[in-house]
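Q: Chains as they are written, first to last, in this note's numbering: chain U, 35 to 276; chain H, 35 to 276; chain F, 35 to 276; chain B, 35 to 276; chain Z, 35 to 276; chain S, 35 to 276.
Virtual Cβ for every residue (Gly too), placed ideally from N, Cα, C.
All values derive from a computational prediction rather than experimental measurement.
Okay, handing you the structure first.
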């Protein structure tokens, strides 16, 4: 079974960090890879970035299907392009945010989301509503660090740990959901230090994709998620005509 | 005041039909234009099409702002790229679906959405939930005609009229919301024949944009809709770096 | 086009202030007037006041229709008598609260309502739920000044500005909705000082009514908002028999 | 203990029918009376009627308090004037619809509302949402008979029985809520014939008021339901100044 | 009429305290008794305790029905076994939490729940959602005292009073709902000291059961709450076979 | 890794069928077993049965923990005892209904639940609301066959297939969720015949438990799901004292 984690931004060092964290979910017969598109934003910190990450994600799905990939995880907490990806991928596609927020439902009463920039909280709220997890999300919090500084800022871990502690306290929650794929390498240490479950949506996504494949389940092919109607595409996007 | 209606697909004949319908909302001092991107799908009938229409919409916003456009309407019932457009446009941006569904709230108890293909209903439901109009939407219905056949199929009007009548009856609703920009030229005749208000989101969107500008209102520039952080864009999308 | 803004209380100085603010929305061919009933409470600060403002509102609608008014705005944030007015007015009727809260939806993620007395917050919450805007309302706040002291208290503006600032901060919102028609003259200055959109529901209501009329839309006449059944009215209300 | 049931319309024969049904809830030490205002509509079948019934209801509350009434039921399924009445009545005030719909919650999974005219269903839906009972209401149904013909039309009972049976079947519900005070005399026979609980909100309202008084409970006097601020009332409503 | 209040824990001194508080709701012809099971937890402070209290509650219902009991109140704020009890009891069964939270709806805008241990708040939230009262619950608060120490700790009343005061203040609520049957003896004093309605669900439950019986209402016997299908029960629970 | 599926009823043949279906989810290093309690109902078809299945489930958890079980699935669509089990089990516990309904969220727009007896639908609705999946559940349907006749009735499969087909059609859904553990052996054939994903919550539950363990996640031990307070248990349940 070949599962591919798509980092939707174009920063290779972040893709490598996601790959290391995702490999934790490898198993006999289960290969987990991480890739990123060649085109698009270096990080995703706005609706603008997110929208423009989608063509690259779709190219990765088209390429992956040609290479026999069995299922995909979209490793950005905004779940960009999720429904479009489901329409075209041969196997299941799981978003990092949906996996993280649904997984938290098995672990406690309510969770706190801790993310990078406050301006992305609105998107997380929209997704929580869409996935039916809004009632369980006790609060959204930001550490105010840009995505690309997570790896290089020596204070990242301490800042994140402190923000999580304050979130749990003020929200009265019992689970933490990490709101950025860049936090993946810190998840296990954080769980140890906080004493509550800490969900990394990348790992959760791989787990869900693997489980769906093992159950023989994939995206429904009737109605909304049937193959999109074929049609002409104009201009610089002409290559996307199905 | 210059308002630009963006038809997010690349079919010029449809843009012209939208332009004719939108001109109804022109007034002394208010110019309404319709445009479409040069790149992207010929019509929008899937999440895939919708996602890939967004780069073209963004290019139209960037161009429009350079040309002094005061506000925009996105004239596709899936409101593609709406939040991204709000982040970057100088003036207000209104989606066709949000304008239509909010406008219906002033007219009756509940509305029926009538659209082209059943596979797009899920997106309309997501939008209704996001805009807070789900409680007022009594039903979603499709006429099962592809967008690009609306203009050429001689039975379009009769099919649409019949579907609206059955929708009003089965839903117990008192307003119709048209779920495709391609229906705009038929809205007024339909309202006459049905005897209930028929909302074309394109006209509603122009009305809202004009009203916002007259009130001196535009997208908030704090938090979520502040200008996106500047960053590198790689590959074929490099031109989108802000 | 003749739009009439009904101030539902009987205080003429407040009606004049509303008229000055509403005139901002006049345009070539669009006349905006403000009126108030001859009977009823001097201000509306309770469910009791609001209920007893409704006969006066209805009289204004009946009179306005006789005088050729094309549409109405009810300029009190409790939207008193809105549904009754819709049943009988020839043209569209828009409430100040519904217009303000729906308009805010085009401008940001969430809004804070700032009103006069805390005891009116419950009504605003009921309306937000009814209009489908509750999810976008991040908080309700009161300045604890009676309506009729707004014009005369020299500290009104400073108090309001301070309350709005604290509301934006504690709510994490990006838009302010003014919860009293008496605040209308302060809206534009407030927007300048706060740096976020400030919505005055009176202006928003005029904008919506104008837009509906331009679109050829008015209250649906089937089912709930059909003309009320004719019947006897007894006693001091006998004149209301239709 | 003196409980007064206010029939908000001005039709005395209907008040007598309500009185007979309400007397069922009398007990040693508990006197139940029914009254109606002298001013207002002969029946309530629109938002217009409902709004104009409120001044009469308020007069009955003011009179009742002067006569030592301990609590009130508002016996119209639209619960007109409920919150205003709560602000001024010395003791508890319960609406017929809120009592009926909350009572149904103790009896089964979901209830069907059966009322007179379809145009009143919207109001019932608004109330269900306000009271938190919308999730339990499986459907709203009308028998299409005007309120004042209920007593005189010989087919009323058969029509109502048939409508209830069809409602239970199509809704999959297990309780009936009667949506008009005029149905009160038929409730017990209907329950026998249908084989499911049939809730008459008039009786339910009396039961709730009696229970609140026995528990020493009445409307909270802090915040929203404190005594309304005193102020001038102009014109024909001047007598309502508190 | 014989109403039995079931204290679902096995602590007789608490049953006696509940009995004294419930007797307040006795009346001519209405006998109110309190009982507790012989098997089960000494107090209910976890999902574990609550689940294991249910067999004892069911035995009390079976015994009560044999002794001619007309209706039951389950006097624990988690409403353990409520739906199972409804399936088998001859007369109505009301849970303490549902009665308290619905009763609060007649008294004000929103209520604060004050309970014993914070770990039980999740259950109260689940119940509020199930009963449609979540929108009216402004906050949940705990005094951090175990149930069995309420009677013996001399500081119980002062702690509870202080917690209620802070809850009303921080929640902006106007009613208190007591979240433990062990608080019943303190309800009236608390109401006097706080100046807002204080709802004891035990008394509210008795009031509701009495009212249902007076109205001739009991659990629906169609669909979900029909008598459970007869079947074998194995092992130590074999006596529960119906 | 040792995962134990608890069939909460006491019918061994059903446990064996569940075991066969669950073994599908075994893998190198992952052992999946099925067990059932020695005490309790032969099948679960009412709230009464469900409540009385919980002591047996708890005994299985206590025994399993002593035997080194790493995680549990509760294999009845009512998820009986789920929260109590979470408080005491060392590892994660997943309910069949929550796993099935959350899993369906990755596969399509909306799902139809098909179960055995109509009287159990209310419980499924309560669970859907609790898990945040109610918006995605398009309908609940019953085949009207008792649980214990599923294995022996030769028409079970044809009846189930027909009911699923009609459910998909009337609900407009794109996924089927099987609402009884007894359907597990039929899931794969059904998926082939229906052409849409068919989710068996037993397999989904095993998949989730395995995934949680692989991620190093288990029930949070702060607040609600901390170990229950120790206390006395009286009578026939004395052995449950922790």
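Compare the Cα-Cα distances from residue 74 of chain Z to each of Z/62, Z/54, Z/46 and report the closest residue.
A: Z/46
Q: Which chain H residues sit within Cβ distance under 7 angstroms of residue 165 of chain F?
A: 139
Q: Quick one: list the residues of chain B neighbouring residue 156 of chain S, beta-carbon separation under 7 angstroms, in chain order.
A: 143
Q: With a threshold of 6 angstroms on Cβ separation, who are the neighbours of residue 259 of chain H within its own chain once the five nearest residues in sequence on each side are excluded?
A: Closer than 6 angstroms at the Cβ level, and outside the excluded window around residue 259 of chain H, lie 120, 121, 253.
Q: Secondary structure at residue 234 of chain B, three-state DSSP: helix, strand or coil?
A: Three-state result, residue 234 of chain B: strand.
Q: Give the list of continuous beta strand (DSSP E) stretches no shorter than 3 residues that lie fully inside the segment 45 to 130 of chain Z.
A: Listed in chain order, they are 65 to 69, 105 to 108, 127 to 129.
Q: Could you tell me whether any Cβ in chain U is nearer than 8 angstroms to the Cβ of residue 124 of chain H?
A: no
Q: Return the chain-ordered list of same chain residues with a C-beta closer than 6 angstroms to the C-beta of residue 115 of chain Z, the five sequence neighbours on each side being excluded.
A: 88, 91
Q: Measuring only between beta-carbons, confirm whether residue 148 of chain U sits less than 8 angstroms from chain S.
A: Closer than 8 angstroms: no.
Q: Residues in its own chain within less than 8 angstroms of residue 142 of chain S by CB, not counting five upstream and five downstream?
A: 207, 208, 209, 230, 231
Q: Between residue 165 of chain S and residue 239 of chain U, which are expected to be in contact by the criterion C-beta below 8 angstroms, what is the C-beta distance as a whole number of angstroms?
A: Not a contact, Cβ separation roughly 19 angstroms.
Q: Have a look at S/36, S/225, S/271 and flag the residue whose alpha-carbon is nearest the alpha-carbon of residue 127 of chain S.
A: S/36
Q: Tell me, please, whether the CB atom of residue 82 of chain H is closer than 8 angstroms to any CB atom in chain U?
A: Yes, residue 82 of chain H counts as interfacial toward chain U.
Q: Ends of the beta strand (DSSP E) at residue 146 of chain F?
A: 145 to 149
Q: Look at the alpha carbon of residue 69 of chain B and the alpha carbon of residue 79 of chain B, and state the distance between them as a whole number of angstroms.
A: 19 angstroms
Q: Would you call the CB atoms of residue 39 of chain U and residue 51 of chain U closer than 8 angstroms?
A: At a Cβ-Cβ threshold of 8 angstroms, residue 39 of chain U and residue 51 of chain U do not count as neighbours.
Q: When you compare only the Cα positions, how much space is there between residue 135 of chain S and residue 248 of chain B?
A: C-alpha separation (whole angstroms): 45 angstroms.
Q: Among U/100, U/265, U/215, whose alpha-carbon lies nearest the alpha-carbon of residue 113 of chain U?
A: U/215
Q: Let me know if residue 132 of chain S comes out buried or exposed under the rule of 16 or more other beta-carbons within 10 Å of its beta-carbon.
A: buried
Q: Out of curiosity, what's the CA-to-CA distance linking residue 261 of chain F and residue 84 of chain B?
A: 14 angstroms
Q: Residue 154 of chain S to residue 199 of chain S, Cα distance in whole Å?
A: 20 angstroms
Q: Under 8 angstroms Cβ to Cβ from residue 221 of chain B, same chain only, skipping five residues before and after it: list those, please.
A: 55, 212, 232, 233, 234, 237
Q: Return yes when the Cβ of residue 244 of chain F is within less than 8 angstroms of the Cβ of residue 103 of chain F, no when it is not.
A: no
Q: What in chain U is Cβ-close to residue 105 of chain H, meaning under 7 angstroms?
A: Per Cβ cutoff of 7 angstroms: no residues; residue 105 of chain H is ~18 angstroms from chain U at best.
Q: By Cβ distance below 8 angstroms, which residues in the same chain neighbour residue 49 of chain S in space, the five residues on each side in sequence not counted?
A: Closer than 8 angstroms at Cβ, skipping near neighbours: 41, 68, 69, 70.
Q: Please name the residue or residues paired with residue 173 of chain Z in a DSSP beta bridge.
A: Z/146
Q: Have a look at residue 172 of chain U and residue 163 of chain S and give me their C-alpha separation to the nearest angstrom.
A: So the two alpha carbons sit approximately 17 angstroms from each other.
Q: If the cut is a Cβ gap below 9 angstroms, which residues of chain Z does residue 88 of chain S touch?
A: 85, 86, 88, 89
Q: How should residue 178 of chain F be labelled, buried or exposed, when 16 other C-beta atoms within 10 angstroms of its C-beta is the threshold for buried?
A: Taking all protein chains in view, the Cβ of residue 178 of chain F is surrounded by fewer than 16 other Cβ atoms within 10 Å, so the residue is classified as exposed.
Q: Just to confirm, is the Cβ distance from residue 152 of chain S to residue 123 of chain S under 8 angstroms?
A: At the C-beta level, residue 152 of chain S and residue 123 of chain S stay beyond 8 angstroms of one another.
Q: Going by the CB atoms, is the gap between residue 105 of chain U and residue 251 of chain U shorter than 8 angstroms?
A: no
Q: Taking C-beta to C-beta, are residue 76 of chain S and residue 268 of chain Z nearer than 8 angstroms?
A: yes
Q: Applying the criterion that 16 or more other CB atoms from any shown protein chain within 10 Å of the CB defines a buried residue, is residue 266 of chain U buried or exposed?
A: exposed
Q: Scan the segment 236 to 259 of chain F for residues whose Cβ lies nearer than 8 angstroms to a Cβ of chain H and list them as they occur along the chain.
A: 237, 238, 241, 242, 244, 245, 246, 248, 249, 250, 251, 252, 253, 254, 255, 256, 257, 258, 259
Q: Between U/144, U/183, U/185, U/184, which has its C-alpha nearest residue 168 of chain U's C-alpha?
A: U/144
Q: Are the beta-carbon atoms belonging to residue 146 of chain U and residue 205 of chain U less than 8 angstroms from one another?
A: yes
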